[in-house]
Ligand SMILES: [Zn+2]
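Structure below.
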């Protein structure tokens, strides 16, 4: 099928620009930006900010003391004539430490672009810039103000950006998230599990394991008993998972350990299950006589339920069809900033970014052909919301 009358100019303008998109992606990837390195993230943020200024966006750097500065770019070519707002979310940070590039350089091979952060999610940042270019070239303007929010700490839980994301989302009619697509067929993400981290600390009493074991209270044993209790809260059929992923305790084998702790990854599909699970953790009591327990943490991202994505997905799917592309959907276990906005009741569609494989792995890569396709889809969505 050939692209529709409305989508054709966008598709045709973007397709021959894949080389330019790939060049910009290379520039972005070479500016390494690990979440914990403020100077590096700031450096990359300034490169991204300059690209947006060049396109006439009003750019604000939202300064942070410890994390990288967030970049907010507002693009509103129709000025006062627009009504409402669309929020586009993406992040500047990656999970790769400084120097990763040496062993994992940006390179092109067989229609793919490889390198740290290509997929998650510098490819998505490139798509957004070119979507705006395509609209400008076609002289077609969104009916709403478009706010692009590029945050610096998504990969580490969005501690400094969550408030701002939620504020912008509340005044938006829709949120589009440029996280990677699911699978090589480029499915968008219409649901995500809620994700949290809960720490259980057990305190017992130290004693000599040989001389006076009866005086000791074994904190490791207490933690082990607690783990076997919480493991029973796994409910695969409902998508609720409880994973004791990190454990620590003890000092020497001949000492009854005074302290031990476990850190648990918790996930849930339903908001109700999330709250129930949190309550169960809070209600944990010691099993060994004399032991003490401390429970910290909880869910930091609520589930993104499909109902918040359904209408936007239908719109995106219809647009993709006009481009001759079948756009599928996926439910995934990992969270993103889309979880925050969906939980506020703002229509949210995620996974609109690059198509590729190996996010967070030594062979992260994107499909170059997907760049122009996704940018066209994004541009089309900006024109058609509201519908
Ligand atoms: Zn990401």
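Residue numbers (my numbering): 60 to 446.
The beta carbon of each residue, even a glycine, is placed where N, CA and C say it ideally should be.
Residues of the same chain with a CB within less than 7 Å of the CB of residue 88, apart from the 5 flanking positions on each side, are 165, 174, 175, 176, 177, 181 in chain order.
Distance from residue 367 to residue 406 at the Cβ level is roughly 6 Å; contact confirmed, criterion being Cβ atoms closer than 8 Å. Approximately 13 Å separates the beta-carbon atoms of residue 286 and residue 260; this is outside 8 Å, ruling out the contact.
Taken atom to atom, the span from the alpha-carbon of residue 262 to that of residue 269 is near 20 Å. Under DSSP, residue 390 takes part in a beta bridge, and its partners are 250. Inside the region 303 to 367, DSSP marks whole alpha helix (DSSP H) runs of 4 or more residues at positions 330 to 341, from first to last along the chain. Set against 7 Å, the gap from the CB of residue 244 to the closest heavy atom of ligand 1 is not smaller. Rounded to the nearest whole angstrom, the CA to CA distance from residue 160 to residue 425 is 16 Å. Three or more pairs of CB atoms, one per stretch, sit closer than 8 Å, so the region 347 to 367 contacts the region 245 to 252. Beta-bridge analysis with DSSP links residue 120 to 130.
When DSSP states are grouped into helix, strand and coil, residue 165 belongs to the coil group. Inter-segment contact for the region 312 to 332 and the region 342 to 351 is absent: fewer than three beta-carbon pairs are separated by less than 8 Å.
Annotation: residue 299 to residue 334 spans about 12 Å, alpha carbon to alpha carbon. The beta carbon of residue 180 sits closer than 7 Å to at least one heavy atom of ligand 1.
No heavy atom of ligand 1 is found nearer than 7 Å to the CB of residue 274. Set against 7 Å, the gap from the CB of residue 395 to the closest heavy atom of ligand 1 is smaller.
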